[in-house]
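Below is one structure, written out as structure tokens; comments come after it.
Chains as they are written, first to last, in this note's numbering: chain X, 1 to 707; chain U, 1 to 707.
Here it is, written out as structure tokens:
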């Protein structure tokens, strides 16, 4: 679809300038210097000649059609220029000019019209407010981002123009080759989703690298990004993740959801490799463009100095990788020879006086060793180090199997330059920590790609019953479902809820309790009371008819004393649940990415501890189980208690059922089960308390109470 | 004391070699090339001449005394060479040769003898197994670490020889000047403490940078390092912090103490700036050698590109610094001029077309603004960027007040080189994240230096009573004090313990409970039972004499059924404590750094959550209060409940009292209060359960039960 964009047959630069330093000049210079073989048509009313090309004073009078139009005119003239270009047959428009959406409302209006004009003619639009684009294989540098980059497999796009230039500079410095570059600017038409879809199928591109400040369409992003990531590594730097102050939220899940939580979940789901700094963006790009991801997390470190070896081992532990443990027989080839007086197996210390062969032998043995998934070579030049020789020995042994990363500490005298290392496919890092962080990213990506196809279980549920309850609440403008109603919805979706009934008098409560059997609990049911326990609306462990009578009366008394007077639906009498492990399960609907499930240890400190995990719906069983493992507290607890003490499957199933509920009812905005009580192994976890918030226009709880 | 070491009058190199590439040759070359003005005496039985110097065949026959001896002889000859040198008057010995402690037991024996021989003659020893030392101001390069570095204020030492070279290379690359360099090797005599003490008073040194793998004497380190850090920044990279598997520990505190916890606590106490990677070591060194620490955490970011500005702001949030919020009037000078069309106040966006003056004006305004503590300048070269002009404008405005850091993203064409930036005192970073991490380290150091002198409160306590209880336990070989005894010790140190008494029959329990008033709790007291509640040894909330009789009998029954039969001291009857916030306080004695206090939220999940803070004893009140604030859970809880709900002072005092107890009794190895129950504001927190482990030779709990 975007083929014409990247490989136009001809290009008109509207707003071409004679003056070096002007955008309309620099783009033309780059077009010419890049060697674009098609016609280049500079357009400017002043006519004349620039950079050896005749300037067309009036595009309308140009005898041929043009394929791509680049607009570098003042913003007041942009619509006219676009219309003119489209009339001449332009199938794509690159709008360089700035001063649109980014400058305020007036600019946004013109920008929308520009997009509409292009759309109307079936042309695609890049920008406005951008630096242009580059296609190295088409000799096409239609940008003022910099000189034509080296040709290679890395495609880059950026929402920040300035960073486009920085990215090209960094790639050049590291001698990394580029396939295509796009400065997406304000994304009035072409955005990250278009580019991911196109670049995924672009044979010239092996790795996609991007910088984003926002995402246009969350659902589409997940679909497109997943498809792209399944084909090639997609590395993104996303900024603006700073938590935004306090948000109004009616559930624990809402409170615990950070501003960046949804992006993290979306990237994880889509297999996106997320860089957390500009540096790591190209650390990752370099490694992913030269090496395969490892099949496991066992790293072998080869070093000619102890200190850097320890640093690398420390970094592996911190990143959750393993310093490969070699059984004696497997380590034998690494240490047997007289020539390699190794002190320990890993890091493999080839010692300060290591001659080239020692590095070569250690590398060959490590590549052959089945206990090793990835190899990190550390070279710390010392007086006796023959750096060039060592590098020759290493390069000659590379067998293209496992990922191998190199880190040189200190001087690079005598070492091959970046070009040579890139040609040999050996990525280089300036510190062990960077190399290990990159290996971690490669491992995670490899794991994502290796996962089986996602299979969502659809449980048989009583959807009609849930729909009925929710519809009634919506009809009555009740946004915040009471515990009674929330539990009915949960129960309809197959979650275990204690037996209970809404009653309206002490006598009725006694009668029902006798039926249920003691002990029972009583909870006030009111659409106006969100925090029952704080207001004395819950009594636990009632063991006699007398206690029920007394508690019912005093609870009613407490409720009547509240200001403003809450509406009381009745009192919910429920079988008392046996104590057990308390968990919190929740869902919060992200405006961008949709329903997001949450899991954590429950209880009073849940908000204080903030040790929870998130995952976007719909959930597979494996994803639900990984959510449990992803909280530090639950995984430590589980390993301490032993796996047989906690039955993970029914908890994972509860999460999947909530996922199904959230998918089925898009107007459920938030829900919490807090706590879900997990008893003995094999028993079903029980929903002890629950709340659901649906989209409607009733005033919020807090507002009501603050009236 | 080490003056002679760094500035000897003469030097003999024993083991001088004719052959380039040999250590004995390379050191001589460096000595000569460095321009050392004193006599250099190469010693080798083969005599002759090397590098223009006559070789002395036999040091004994050399007519003069020598001041420093450098030993580069095979290890079998090292003792003889040392004795010879000392006989010629050497006041310091630098032992280059390797193959000692690092190679095994036999080497360790020779190394000890070498140290003893030097000590006996009153000479100081560097090494063995090292690269030598450098003093740039004495034209003294007595090493094979590299060429003579630039002269400057940074002193470096390293326990890894290879990293010495890497450090010099990195410093040279960044154009940072060195005062002294020491490769400490095996630290048989001179170690980090000697160097810190000396370099603290060395006028040529403004910043100390070191790499350590272990520390020789923890107590001495804290004293020396604190004194040094009070005079100048001390930046250390300490590796080997990988957690060591599962440790045997008898307390929660023991379980929660990681392998690196004590080092972190010791560095924090001493004001050491801890680098977490080799890169950050020199990021920090560069900034600290050129800029003062900020007086606060408010950072102003000036950028000519949006993306990098957002990255820097994100990094500030992550590191706990503040993106300075400028009130409208304070921001006015930054945005008023027509020339600076700022979109937002901070990051201050000087826009992509920023001319030099705009940078200069923004910087000047930021320097003058009292709401700004530190300034980060980001320069992303774009087509219209006059990099050289911008840098001139920036350098001309520097007023030497607040710390100012520079980060250039992308190409450096036209920018001043490192030498010029170093001369101007402007440290440069290659990413916003690195710059911000460095600012964070500067902020922490400034805060440490600004803290008032540490004042330890000594509370009046009943030390004799505690000593008596502990002595009796020691005498009876009881390592693990029961709750009863532990609480008595705590009570003697002024902690509030519920009223209670050890009783021996149900009747006695009833009688005492009537005296105390109901409800009461009963807990079995046995030196053989560590986990009372798991074995049914605790009954809470007894409200009647009947309940006491029943519970006493059934508890005794349960205890008699245990295998092996535990010894029973009786049953502890205690007043029931009102519920409240549950905390854990503990102490674990580190072999290297002594008693380390711990604080966290208590309760069942304490080990699972691992959200605890540590601090070395003795504690000041401020340190105790910071321990509370340092746990995420407590600080969030406190801010949610409001400060008036939780009385922090008595909890801090309890920590200080535990600190005093741990200092007073060095044989207390571990102790826990779990939980300490905090009730209403103004009430004393109550020790609900406690345990103390003392050093003695009784078999451990677990061993007993596993017999």
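All residues carry an ideal CB built from backbone N, CA and C; glycine is no exception.
Values in this document were obtained by computation on a predicted structure and should not be read as measured data.
Problem set entry | Minimum C-alpha distance to residue 722 (chain U) - residue among U:21, U:87, U:145 and U:128 | One cannot answer for residue 722 (chain U) here, as it falls past the ends of chain U, which runs 1 to 707.
Exercise. By a C-beta neighbour count over all protein chains shown, 10 Å radius and 16 as the cutoff for buried, is residue 672 (chain X) buried or exposed?
Worked result: buried
Problem set entry | Contact set between residue 611 (chain X) and chain U, taken where Cβ atoms lie within less than 7 Å | 609
Problem set entry | Reference residue 59 (chain U), options U:52, U:68 and U:184, closest by Cα | U:68
For this session: Please report the residue range of the alpha helix (DSSP H) in which residue 164 (chain U) lies.
Result: 161-173
Problem set entry | Closer than 9 Å to chain X by CB, residue 381 (chain U) | With 9 Å as the cut-off, residue 381 (chain U) counts as an interface residue toward chain X.
Exercise. Of the residues that make up the segment 52-80 of chain U, which ones have a beta carbon closer than 8 Å to any beta carbon in chain X?
Worked result: Contact residues of the segment 52-80 of chain U toward chain X are absent (C-beta to C-beta distance below 8 Å).
Problem set entry | Within 9 Å, strictly: CB atoms of residue 686 (chain U) and residue 517 (chain U) | no
Problem set entry | Proximity winner among U:79, U:611, U:538 and U:273, relative to residue 111 (chain U) (alpha-carbon distances) | Ranked by Cα distance from residue 111 (chain U), the first of U:79, U:611, U:538 and U:273 is U:79.
Problem set entry | Residue closest to residue 49 (chain U), alpha-carbon to alpha-carbon, out of U:64, U:34, U:29 and U:519 | Ranking U:64, U:34, U:29 and U:519 by Cα distance to residue 49 (chain U) puts U:29 first.
Problem set entry | beta strand (DSSP E) segment containing residue 708 (chain U), residue limits | Nothing about residue 708 (chain U) can be reported from this structure: the residues present for chain U run from 1 to 707 only.
Problem set entry | Interface positions of the segment 673-693 of chain X facing chain U (Cβ-Cβ less than 7 Å), listed along the chain | none
For this session: Determine, using beta carbons only, whether residue 94 (chain U) comes closer than 9 Å to chain B.
Result: Absent from the structure is chain B; the protein chains it does hold are X and U.
Exercise. Mind listing which residues of the segment 202-236 of chain X have their C-beta closer than 8 Å to chain U's C-betas, in chain order?
Worked result: 211 and 213
For this session: Just the chain X side, please: which residues come within less than 7 Å of residue 166 (chain U) by C-beta, in chain order?
Result: 380, 409 and 410
Exercise. Got a sec: is the Cβ-Cβ distance from residue 183 (chain U) to anything in chain X below 9 Å?
Worked result: Chain X contact via Cβ: absent.
Problem set entry | Inter-stretch contact (C-beta, 8 Å, three-pair minimum) for the segment 414-432 of chain X and the segment 445-465 of chain X | no
Exercise. When Cβ atoms are compared, which residues of the segment 555-586 of chain X fall closer than 9 Å to chain U?
Worked result: none
Problem set entry | Distance CB(residue 456 (chain X))-CB(residue 426 (chain X)) smaller than 9 Å | no
Problem set entry | Identity of the residue in U:224, U:275, U:266 and U:441 nearest residue 316 (chain U) by Cα | U:441
For this session: Under 6 Å Cβ to Cβ from residue 199 (chain U), same chain only, skipping five residues before and after it: list those, please.
Result: 155, 205 and 208
Exercise. Can you check whether the CB of residue 89 (chain X) is closer than 9 Å to the CB of residue 127 (chain X)?
Worked result: no
Problem set entry | Short CB-CB distance (under 9 Å) between residue 340 (chain X) and chain U | Confidence at residue 340 (chain X) is low in this model, with a pLDDT of 42, below 50, so the placement of that residue should be treated as unreliable; the coordinate-derived value is given next. Cβ-Cβ to chain U under 9 Å: no for residue 340 (chain X).
Problem set entry | Contact with chain X by residue 111 (chain U), beta-carbon distance below 9 Å | no
For this session: Output, in sequence order along the chain, the residues in the segment 25-48 of chain X whose CB is closer than 9 Å to any CB in chain U.
Result: 26
Exercise. Is there contact here, the segment 136-146 of chain X with the segment 24-38 of chain X, by at least three beta-carbon pairs under 8 Å?
Worked result: yes
Problem set entry | Straight-line gap, residue 632 (chain X) to residue 606 (chain X) (C-alpha atoms, nearest Å) | 13 Å
For this session: Could you check if residue 114 (chain X) is buried or exposed, using at least 16 other CB atoms within 10 Å of its CB as the buried criterion?
Result: Buried, by the Cβ-count rule.
Problem set entry | DSSP-derived helix/strand/coil call for residue 651 (chain U) | helix
Problem set entry | Cα-Cα separation between residue 683 (chain U) and residue 436 (chain U), rounded to whole angstroms | 43 Å
Exercise. Based on the DSSP secondary-structure assignment, which residues constitute the bridge partners of residue 596 (chain U)?
Worked result: U:588 and U:616
Exercise. Hey, is residue 304 (chain X)'s beta-carbon within less than 9 Å of any beta-carbon in chain U?
Worked result: Yes - at least one Cβ of chain U is within 9 Å of the one on residue 304 (chain X).
Exercise. Thinking C-beta only, is residue 494 (chain U) closer than 9 Å to residue 461 (chain U)?
Worked result: yes
Exercise. Taking C-beta to C-beta, are residue 349 (chain U) and residue 303 (chain U) nearer than 9 Å?
Worked result: Yes, the pair counts as a contact, with Cβ atoms nearer than the cut-off.
Exercise. Three-state secondary structure (DSSP) at residue 562 (chain U)?
Worked result: coil
Problem set entry | Interface residues of the segment 254-283 of chain X facing chain U [CB-CB below 7 Å] | 277, 278 and 279
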